[in-house]
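In the working numbering, the protein residues as written are 74 to 160.
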């Protein structure tokens, strides 16, 4: 019974992430959610920003994604580097 509910939960989570314009990255140490530019944005048209003119052009980030927070959830601590050499 529980094995049958896992694909349904994964499909629901994928639909929520896509509808909320989030990108998910997960590994054993963390879950990282980052905002994605909206395709329906009238300012950037889904590109995420635009290039500002001048001799050294820089990309101006659009507010449809840049003003939203990134979410980090730590799962396991990252192992510390040893102080001693490996051999």
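Every residue gets a Cβ at the ideal spot worked out from N, C-alpha and C, and that includes glycine.
Could you tell me which residues DSSP puts in a beta bridge with residue i?
| i | result |
| --- | --- |
| residue 94 | Answer is none; residue 94 lacks a bridge partner. |
| residue 153 | Residue 153 is not bridged to any residue. |
| residue 121 | In the DSSP output, where bridge partners are listed per residue, residue 121 has none listed. |
Just the Cα atoms here: how many angstroms apart are residue i and residue j?
| i | j | result |
| --- | --- | --- |
| residue 123 | residue 110 | 12 Å |
| residue 151 | residue 120 | 34 Å |
| residue 142 | residue 104 | 14 Å |
| residue 80 | residue 91 | 16 Å |
| residue 85 | residue 106 | 16 Å |
| residue 155 | residue 115 | 51 Å |
With DSSP run on the structure shown, which of helix, strand or coil describes residue i?
| i | result |
| --- | --- |
| residue 148 | coil |
| residue 108 | strand |
Report yes if the C-beta distance between residue i and residue j is below 7 Å; otherwise report no.
| i | j | result |
| --- | --- | --- |
| residue 138 | residue 158 | no |
| residue 169 | residue 149 | Lying outside 74 to 160, the shown extent of the chain, residue 169 is not represented and no answer is given. |
Check whether the region 125 to 134 and the region 82 to 97 are in contact - that is, three or more C-beta pairs closer than 8 Å.
Output reads no: the region 82 to 97 does not touch the region 125 to 134.
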